[in-house]
Amino acid sequence: MRAMTATGCRAAGAALLALGLSLAALPARAETLRIGYESWVAPGPFFIAQEMGWFEAEGVSVELVNIEDIRIRASALATGEVDAITANIDEAILQLAADSEPRFVFAIADSRGGDGIIANNDIETVADLKGKTVAVQPGGSRQFYLNALLRDAGLTETDITTVAKAPGEAGLAFERAEVDAAVTWEPWLARTEKMEHGRVLTDTSKQPGLLVEMVVVRREVLENRLLELRSLYRAWRRAVAWAETNPDESAELIAAGIGRWLRDDKAVKEVRLGIAWYDGPMNDALFGPTAESGPLAGTVAGAIDIWSGFGRLQTSANPEDLISRAVVAGE
Numbered sequence: 000m001r002a003m004t005a006t007g008c009r010a011a012g013a014a015l016l017a018l019g020l021s022l023a024a025l026p027a028r029a030e031t032l033r034i035g036y037e038s039w040v041a042p043g044p045f046f047i048a049q050e051m052g053w054f055e056a057e058g059v060s061v062e063l064v065n066i067e068d069i070r071i072r073a074s075a076l077a078t079g080e081v082d083a084i085t086a087n088i089d090e091a092i093l094q095l096a097a098d099s100e101p102r103f104v105f106a107i108a109d110s111r112g113g114d115g116i117i118a119n120n121d122i123e124t125v126a127d128l129k130g131k132t133v134a135v136q137p138g139g140s141r142q143f144y145l146n147a148l149l150r151d152a153g154l155t156e157t158d159i160t161t162v163a164k165a166p167g168e169a170g171l172a173f174e175r176a177e178v179d180a181a182v183t184w185e186p187w188l189a190r191t192e193k194m195e196h197g198r199v200l201t202d203t204s205k206q207p208g209l210l211v212e213m214v215v216v217r218r219e220v221l222e223n224r225l226l227e228l229r230s231l232y233r234a235w236r237r238a239v240a241w242a243e244t245n246p247d248e249s250a251e252l253i254a255a256g257i258g259r260w261l262r263d264d265k266a267v268k269e270v271r272l273g274i275a276w277y278d279g280p281m282n283d284a285l286f287g288p289t290a291e292s293g294p295l296a297g298t299v300a301g302a303i304d305i306w307s308g309f310g311r312l313q314t315s316a317n318p319e320d321l322i323s324r325a326v327v328a329g330e
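Going by numbering that gives the first Met the number 0, the letters in the sequence shown line up with residues 0 to 330, in that order.
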């Protein structure tokens with residue numbers, strides 16, 4: 000390549016400066032941010048933002064990559080195959096190794112009634128589960144949810160007998176009276192109301208901020224691509240705001256984008272009733288003024304404590320090491 004003279008450099012610099020002044024109002028765009036997600040309604044607003052052109056409008060190029068298994072999603076993040084993933088706090092802490100240096104940068108959704116515990120009529124409180132048989136899926140959010148509630152009631156999982164079953168199977172086992180209680184989700188929570196022997200003991204509408212889904216990135220991505228992550232967050236907030244005032248159209252866009260079992264917009268609307276999408280004020284409240292002060296720190300600390308009790312934790316990080324306010328507070 001031929002070297003540029005000093006005069007040429009000055010001329011080129013002047014031209015670039017003039018061009019820069021004319022484009023100063025436009026956000027910079029770097030390489031594509033690849034975001035791993037699962038087929039679930041929580042990341043739905045990303046598909047709204049994609050369809051409405053809000054990623055480009057905010058100055059970020061985004062590719063949404065479907066990776067259903069959280070273990071594979073976490074591995075893809077750690078190895079750099081994707082730049083970010085969506086994951087529940089407890090799942091991320093359980094799956095992400097310390098050397099990937101994960102950071103929680105903003106929340107996208109919260110289970111608000113979509114998950115819960117159904118139990119026999121004689122079980123009136125979580126404390127009454129002591130000595131009972133409970134169906135629960137091990138190694139994920141349902142087990143974390145159960146143990147968080149048991150801890151608040153002064154119990155641990157050793158005080159009950161667990162039967163390993165996925166949420167739907169757990170609900171079916173309870174319907175057949177094979178277990179005393181089950182950690183499950185819709186439609187089993189609603190179906191329990193029609194069962195003579197059972198009732199909904201509790202659901203996540205009573206524990207906001209416990210089962211929270213986040214955008215998780217590697218530390219190096221946060222440091223090197225902070226402006227893009229802030230652009231991503233702005234596009235997310237635009238999509239959430241639009242979805243709140245356009246429920247029918249948003250359900251259609253999400254169904255078309257996610258597909259699979261949510262390809263019907265009616266299914267999207269039904270599942271949507273059990274979650275809350277996080278807007279700007281909700282994220283501000285969750286993160287708090289500092290990484291140590293917000294409710295998020297408590298949820299992260301609880302997940303670390305619970306999974307440590309099972310001897311399965313891969314990291315010894317403190318909550319403040321995993322939480323970054325750079326994206327949320329930078330807006």
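Positions of the beta carbon are idealized from the N, C-alpha and C atoms, including for glycine.
| query | result |
| --- | --- |
| Three-pair Cβ contact test at 8 Å for the stretch 287 to 297 versus the stretch 184 to 204 | no |
| S110 classed as buried or exposed, judged by whether at least 16 other C-beta atoms fall within 10 angstroms | buried |
| Straight-line gap, A23 to E55 (C-alpha atoms, nearest Å) | Here the model assigns A23 a pLDDT of 34, short of 50, so the residue's position is not dependable, and the following value carries that caveat. Rounded to the nearest angstrom, the two C-alpha atoms are 16 Å apart. |
| With 16 other Cβ atoms within 10 Å as the buried cut-off, status of L20 | Any reading at L20 is ruled out, since the residue's pLDDT is 33, under 50, leaving its predicted position unreliable. |
| Inter-stretch contact at 8 Å, needing at least 3 Cβ pairs: the stretch 201 to 212 / the stretch 170 to 180 | no |
| D230 - DSSP class collapsed to helix/strand/coil | Reading the sequence as shown, one finds Ser at residue 230 and not Asp. It is helical. |
| Strand pairing of V133, partner residues [DSSP] | T161 and A180 |
| Bridge-paired residues (DSSP) for D109 | V211 and A275 |
| Close beta carbons around D263, own chain, < 7 Å, minus the five adjacent residues each side | A254 |
| Burial state of D82, where buried means 16 or more other Cβ atoms lie within 10 Å | buried |
| Start and end residues, alpha helix (DSSP H) containing N223 | R218 to N223 |
| Beta-carbon spacing of W187, I117 below 8 Å | yes |
| Cβ separation of Y144 and L210, assumed to be a contact under 8 Å, to the nearest whole Å | 6 Å |
| Assigned secondary structure, R141 (DSSP; H/G/I helix, E/B strand, else coil) | helix |
| Residue range of the beta strand (DSSP E) that includes I69 | Segment I69 to T78 is the alpha helix (DSSP H) holding I69; no beta strand (DSSP E) there. |
| C-beta contact flag for W241 and F45 at 8 Å | no |
| 6 Å Cβ shell around R102 - same chain, five flanking residues per side excluded | V216, R218, L221 and S323 |
| DSSP-derived helix/strand/coil call for N87 | strand |
| Proximity of V61 and L231 at Cβ, strictly below 8 Å | yes |
| Assumed close pair V327, I92 - CB separation to whole angstroms, cut-off 8 Å | Between I92 and V327 the Cβ distance is about 19 Å, and since that is not below 8 Å, they are no contact. |
| Where V270 falls: helix, strand or coil (DSSP) | helix |
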